[in-house]
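Residue numbers (the numbering used here), protein chains in the order written: chain A, 3 to 119; chain B, 3 to 119.
Number of protein chains: 2
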Amino acid sequence: MIVVIDPAATAPVFEQLADQVRAQLADGRIPVGTRLPSARELAEQLGINLHTVLHAYQALRDEGLIALRRGSGAVAIAPARDLAPLRASIAELVATAKGHDLSLPTLTALIREEFGR
Amino acid sequence: MIVVIDPAATAPVFEQLADQVRAQLADGRIPVGTRLPSARELAEQLGINLHTVLHAYQALRDEGLIALRRGSGAVAIAPARDLAPLRASIAELVATAKGHDLSLPTLTALIREEFGR
DNA sequence: ACCTATTTGTCCGTATGTATG
DNA sequence: CCATACATACGGACAAATAGG
């Protein structure tokens, strides 16, 4: 599992981690049944604290995306979705946004607005 | 200026506010030269603290989107962009995402990935 | 040009939450 | 579980710009 954390970002570290796991669960890079790295292992790999990883894992559990079992770690339970129709749309949208020098915060702000109705 | 704050959201309040102003600056709902509400006025209207509004305003100033002067308040200095090519893409993307029961966090996670941060 | 009252952003701490060790 | 460091959000006091007489 590949995850990148930016300590300088405004978003909390546990949220960055949860975000990236969500994306990888959604597109099948993490298939159902996959055992995720243990919190301790992942914390060490990312250079962040154990409790921060647990925070992210618990958020994902609360969303029904993973199951947490004592002794056996975290397991993916969210089925991958068919993102093929989305991939093209996303790539096109992001390319257009970049072409207009639109910042990521501005782009996501516009998307959140559209999503909220 | 219409802004909605969700105190229960994971995103910081000042970020929610900045996001919504960014969107309204981008699409011209807030034209260049417009004087934004004073921090005190907006804080009272939104039921949040003066300094939280100022935090958002200062972030927008650092991005070159608004000018802040004491006595005269905040003024929009970022020209509206041509979002016509984006609008259709955004609407289509969001509609597709909803059709696949994709959550907003997951969708934005995928977009952030594509954008490359 | 002056004065001054109001408006406005800035600076001082304080409490709570996040992240770490 | 506790102790520390940093960020968010809040409250009160302050200084500069503005507006009216």
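For glycine and all other residues, C-beta sits at the position ideal for the given N, C-alpha and C.
Beta-bridge annotation (DSSP): GLY75 of chain B is paired with B:ARG71.
At a cut-off of 9 Å between beta carbons, LEU85 of chain A contacts chain B.
Per the coordinates, the alpha-carbon of GLU94 of chain B lies some 44 Å from the alpha-carbon of GLY73 of chain B. In this chain, the alpha helix (DSSP H) harbouring LEU88 of chain A covers 86 to 101.
Counting the other Cβ atoms within 10 Å of the Cβ of ALA20 of chain B gives 16 or more, which makes it buried. In the displayed model, ARG114 of chain A falls within a helix according to three-state DSSP.
Contact check for ILE68 of chain A against LEU27 of chain A passes: the beta carbons are separated by less than 9 Å. Here ARG42 of chain A carries a helix assignment [DSSP, helix/strand/coil].
By the Cβ neighbour-count rule, ARG114 of chain B is buried, with 16 or more other Cβ atoms within 10 Å of its own.
Not one beta carbon of chain A lies nearer than 9 Å to the beta carbon of VAL34 of chain B.
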